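Protein chains in written order, with numbering that gives the first Met the number 0: chain A, 0 to 150; chain B, 0 to 150.
Glycine included, every Cβ here is placed at the ideal spot set by N, Cα and C.
Since we're looking at a predicted model, the values are computed, not measured.
Encoded as C-alpha cells, the structure appears first; notes follow it.
There are 2 protein chains.
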Amino acid sequence: MTAVKSKRLAGGETFETADRLHSAAIHLLRRLRVRDRESGVGPAQLSALSVLVLGGGPRSLGELAEAEQVRPPTMSRIVAGLVRAGLVRRGKTEDGRRVRLAATAKGTRILQEGRLRRVESLAQALSALSKEDREKLRELIDHLETVIRNL
Amino acid sequence: MTAVKSKRLAGGETFETADRLHSAAIHLLRRLRVRDRESGVGPAQLSALSVLVLGGGPRSLGELAEAEQVRPPTMSRIVAGLVRAGLVRRGKTEDGRRVRLAATAKGTRILQEGRLRRVESLAQALSALSKEDREKLRELIDHLETVIRNL
DNA sequence: CAATTTAGTTAGCATAGCTAACTATATTCT
DNA sequence: AGAATATAGTTAGCTATGCTAACTAAATTG
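Written as C-alpha cells, this is what we have:
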C-alpha cells in the first residue's frame, strides 16, 4: 500500500511506519480469520472466550464488555451464545446485580485448540524470517503492546 | 509434516511471538476501529473501498471479493451499500457479466480522511517508542509484510 | 445452437455492533 | 426506615456482515 505523506505530526517516517503497521495488521488478521471458522464459534465469541481463558480467570459481564471494547448489550448476547454452546458458565457474586462468568472445561479446550490452529500457521510463516529479525520482533512486541494499550 | 512439526518444536519462542503478534494485531485494530465509526461507513465497506482507492484502480466484484477474502454474495451487498452512499460507481465492461467498480471522488475523499484519522493516532502512539525501537520497527515492517503475504 | 461455465444477484439464516427502554439490586440521602 | 438515585444486565429493534442455496444473464464450448 502507498504511504500517506505527512510531516505535520510525529515525523513523516513514523507516520509511514504507522500506516504500514496498520495495513499489515489488517492483512494478518484477514488471513488468520479463515482458520477461526473451523472452530464453529463466531469471532466475537472466540475473542470474549479468550479473555476468560487467557486473561486470568472469571469476570463480570461489564468487565468483559470493557475488555472487548463493546457495549453491555452486545456482550450480553455474546455471552448468551457462549453459555448456550456450553463454553461459559454463569455464577453468582456477593453483589446480586453482577454475574460471574467463567470458561467451562469445554470452552477452555475449544479456545486452546483454535488458538493453536491460528497461531501455528503464523509461527510457521515467521520462521522464514532471519534469526536476527525474529530476535528484533521478540524484543519489539513488548513495547508494541504498551503502545497499543495507550492508543 | 515431520519437517513442519520439527520446525514448530524447534521454535517454541517463535510460537509465542506469533501468538503475541496475533493478539497485538487484534487489539491494534480494535482500538483504531473506533476512529472509523466517525466516517459513518461500516468496516467492511471501508475496507472494500480502500482496495478501490489504494489498490490501484477499478475492479470487478469478484476481484474485490477475493481481495477481501469474502464470498461474492457478501461483497455484492457491501458494494450495494457503497453505491447507495455514493462512494462507488458501477460501470460496464466488454464482458457483459462483469461490473467495473470504481471509487467516486466522494468515496476517495472519505477514505483518505478516515485513513488519516486512523493512522495519525497510531503514529502518535508510536512516537512514544524509543528512537531505537522505532528504527527496529521500520526495518522489520518490510519483512513482516512478506511473511504475511505468504500466510 | 444447445449445453456448460462464469459473474453477479436474491433470499434466507446467524452473528455482531449500536441505542433506547426496561428490571432488579445496591447505595445514598433525608 | 423509606424514597430517590445509581449501577449491572437484559430485552427489543435497527443496521451491517458473514454464510449457503438457488436464481438470472452473459460468455464459452462442443
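Drop a sphere of 10 angstroms on the beta-carbon of S46(A), count the other beta-carbons inside from all chains shown, and report buried for 16 or more, exposed for fewer.
One-based indexing of the first sequence puts residue 46(A) at position 47. S46(A) comes out buried.
Within 10 angstroms of its Cβ, does G90(A) collect 16 or more other Cβ (buried), or is it exposed?
As a working note, residue 90(A) is residue 91 in the first sequence. In the assembly as shown, G90(A) is an exposed residue. Its beta-carbon has fewer than 16 other beta-carbons within 10 Å.
Please confirm whether S38(B) has its beta-carbon closer than 9 Å to some beta-carbon of chain A.
For the purposes of this step, residue 38(B) is identified with residue 39 of the second sequence, where counting begins at 1. Chain A places no beta carbon closer than 9 Å to that of S38(B), leaving this residue out of the contacts.
Roughly how many whole angstroms lie between the Cα atoms of R83(A) and L63(A)?
Taking the first residue of the first sequence as position 1, residue 83(A) is located at position 84. Taking the first residue of the first sequence as position 1, residue 63(A) is located at position 64. Between R83(A) and L63(A), the C-alpha separation is close to 17 Å.
Going along chain B in order, which residues have a C-beta closer than 7 Å to the C-beta of I140(A)?
Walking along the first sequence from the start, residue 140(A) turns up at place 141. Contact annotation for I140(A) against chain B: T16, R19, L20 and A23 [CB-CB distance below 7 Å, chain order].
Quick check for students: name the residue ranges of the beta strand (DSSP E) that lie wholly in the region 7 to 64 of chain B, counting only runs of 3 or more.
Secondary structure within the region 7 to 64 of chain B: not one fully enclosed beta strand (DSSP E) run of 3 or more consecutive residues is present.
Reference A101(B); option with closest CA among R117(B), L136(B), L115(B) and V78(B)
Counting from 1 along the second sequence, the entry for residue 101(B) is found at position 102. Closest in C-alpha terms to A101(B), from the list R117(B), L136(B), L115(B) and V78(B), comes V78(B).
Within 10 Å of its beta-carbon, does Q68(A) have 16 or more other beta-carbons around it, so buried, or fewer, so exposed?
By one-based count along the first sequence, residue 68(A) stands at place 69. The residue in question, Q68(A), is exposed, as its Cβ has fewer than 16 Cβ neighbours within 10 Å.
I'd like to confirm the pairing. Which residues does DSSP put opposite L110(B) in its beta bridges?
Position 111 of the second sequence, counted from the start, is the residue given in the question as residue 110(B). Residue pairing by DSSP places L110(B) opposite no residue, since no beta bridge is assigned to it.
Euclidean distance between Cα positions of T30(B) and L150(A)
Your numbering for residue 30(B) matches position 31 in the second sequence. Your numbering for residue 150(A) matches position 151 in the first sequence. According to the sequence provided, residue 30(B) is Arg. The question's Thr does not apply to it. Cα to Cα, the separation comes out at about 7 Å.
Are the C-beta atoms of I147(A) and some chain B residue less than 9 Å apart?
One-based indexing of the first sequence puts residue 147(A) at position 148. Yes, its Cβ sits closer than 9 Å to a Cβ of chain B.
Give the DSSP-derived three-state secondary structure of G80(B) in the structure shown.
On the second sequence, residue 80(B) is found 81 positions in, with the first residue counted as 1. In this structure, G80(B) counts as helix in the three-state DSSP scheme.
Which of the three DSSP states, helix, strand or coil, is assigned to L100(A)?
Counting from 1 along the first sequence, the entry for residue 100(A) is found at position 101. Correct three-state label for L100(A): strand.
Between which two residues does the beta strand (DSSP E) harbouring V87(A) extend?
One-based indexing of the first sequence puts residue 87(A) at position 88. V87(A) -> beta strand (DSSP E) spans V87 to K91.
Under a Cβ-count criterion, where at least 16 other Cβ atoms within 10 Å of its own Cβ denotes burial, should D18(B) be classed as buried or exposed?
Stepping through the second sequence from its first residue, residue 18(B) is reached at position 19. Classification for D18(B): buried.
Proximity below 9 Å, CB of L20(B) to CB of I147(A):
The residue given as residue 20(B) occupies position 21 in the second sequence. The residue given as residue 147(A) occupies position 148 in the first sequence. No, the Cβ-Cβ distance between L20(B) and I147(A) is not below 9 Å.
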